[in-house]
Structure formats: structure tokens, C-alpha cells
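Counting from 1 along the sequence shown, just add 24 to a position and that's the residue number in the numbering used here.
A virtual CB, placed ideally from N, CA and C, is assigned to each residue, including glycine.
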Amino acid sequence: MSKLCTVCSTSVAKYKCPICTSGYCSVSCYKVHKSEPCTRPESTQKHESPVAPAEDKDDEEEEKHRLGADDLRRVGESPRVRELLECPQTRELIERVHKDADPVQAIRVLRQHPEFEQLVQAMLEATDSPK
Numbered sequence: 025m026s027k028l029c030t031v032c033s034t035s036v037a038k039y040k041c042p043i044c045t046s047g048y049c050s051v052s053c054y055k056v057h058k059s060e061p062c063t064r065p066e067s068t069q070k071h072e073s074p075v076a077p078a079e080d081k082d083d084e085e086e087e088k089h090r091l092g093a094d095d096l097r098r099v100g101e102s103p104r105v106r107e108l109l110e111c112p113q114t115r116e117l118i119e120r121v122h123k124d125a126d127p128v129q130a131i132r133v134l135r136q137h138p139e140f141e142q143l144v145q146a147m148l149e150a151t152d153s154p155k
């Protein structure tokens with residue numbers, strides 16, 4: 025059975041805090057969670073395992089693919105990305121990803137839509153630009 029988000033208690037917790045392992049469902053819930061200090065659970069503090077669990081390895085792999093602050097700034101300042109985001113159809117596709125229980129799969133499916141793929145490519149181009 026899936027656990028609910030520890031912040032909003034309405035959506036399935038798809039992510040975990042790397043410190044306290046509390047589950048959260050979105051960036052906004054993560055920000056709420058991070059607004060208060062958290063600590064590593066007692067059982068984890070006393071019995072550190074030298075081998076990371078598979079789930080932790082998945083988290084580490086996911087972290088490698090996250091955009092840094094500079095990349096996010098370039099995406100936000102990209103004229104092409106801004107132009108594409110003005111299109112109601114593109115915003116509707118993004119909203120579908122946001123509402124989907126499996127956003128990664130939703131993105132895979134939506135990349136078949138030319139409008140969404142244009143946005144993805146514009147975002148990639150913005151992050152590939154010279155720093």
C-alpha cells in the first residue's frame with residue numbers, strides 16, 4: 025500500500041526527504057517540509073549500513089539529473105521557453121503531468137505531442153547554453 029504525503033496527506037508520497045525519510049508528493053510539499061528542521065530517524069542513526077539500500081541508490085541517481093540553480097535560471101530566462109509557455113495547449117499538457125500519479129510516465133507519453141516536445145527541447149537547449 026502506498027503511503028500518503030506527510031505534508032498534505034492527500035497525495036501519494038513519491039519522494040523522500042534525504043534526512044528524515046518523510047514522504048512528500050511535490051515540490052511545494054517539500055518546501056513546506058524543509059521550512060522546519062528535521063533529523064535522521066533514531067533507528068537509522070544507530071545502525072548505519074555500509075551498503076546503501078536500492079531506494080537510496082535510486083535517489084542518488086535521480087539527484088544526478090536534477091537541474092542546479094543556474095540551469096533553472098537559464099530555463100526561466102529563455103525567450104523560447106517563455107514563448108512556448110504562453111501557449112494554452114502547452115500549459116494544459118504540463119498540468120496533466122502535474123496531476124498524474126506517475127509523472128515520469130506521463131512525460132514519456134506527452135513527449136509524443138509536438139508542443140510538449142518543443143518545450144522539452146527548448147529547456148534542454150537553455151541548459152546547454154554557455155554558463
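Helix, strand or coil at residue i [DSSP, three-state]
i      : result
Gly100 : helix
Val158 : Limits of the chain in this structure are 25 at one end and 155 at the other, which puts residue 158 out of reach.
Lys156 : No statement about residue 156 is possible, as the shown extent of the chain runs from 25 to 155 and does not include it.
Lys40  : strand
Ala146 : helix
Beta-carbon contacts of residue i that lie in its chain and below 8 Å, excluding the five residues immediately before and after
i      : result
Glu149 : Ser102 and Arg104
Val99  : Leu91, Val105, Met147, Ala150 and Thr151
Exposed unless 16 or more other CB atoms sit within 10 angstroms - verdict on residue i
i      : result
Cys111 : exposed
His122 : exposed
Cys29  : buried
Close Cβ partners of residue i (< 7 Å) along its chain, the five nearest in sequence each way excluded
i      : result
Gln142 : Leu108
Cut-off 6 Å between Cβ atoms - residues of its own chain near residue i, not counting five sequence neighbours on either side
i      : result
Gln113 : Glu139
Leu134 : Leu117 and Phe140
- prompt: Does the pairing of the stretch 48-55 with the stretch 31-40 give three or more beta-carbon distances under 8 Å?
  reply: yes
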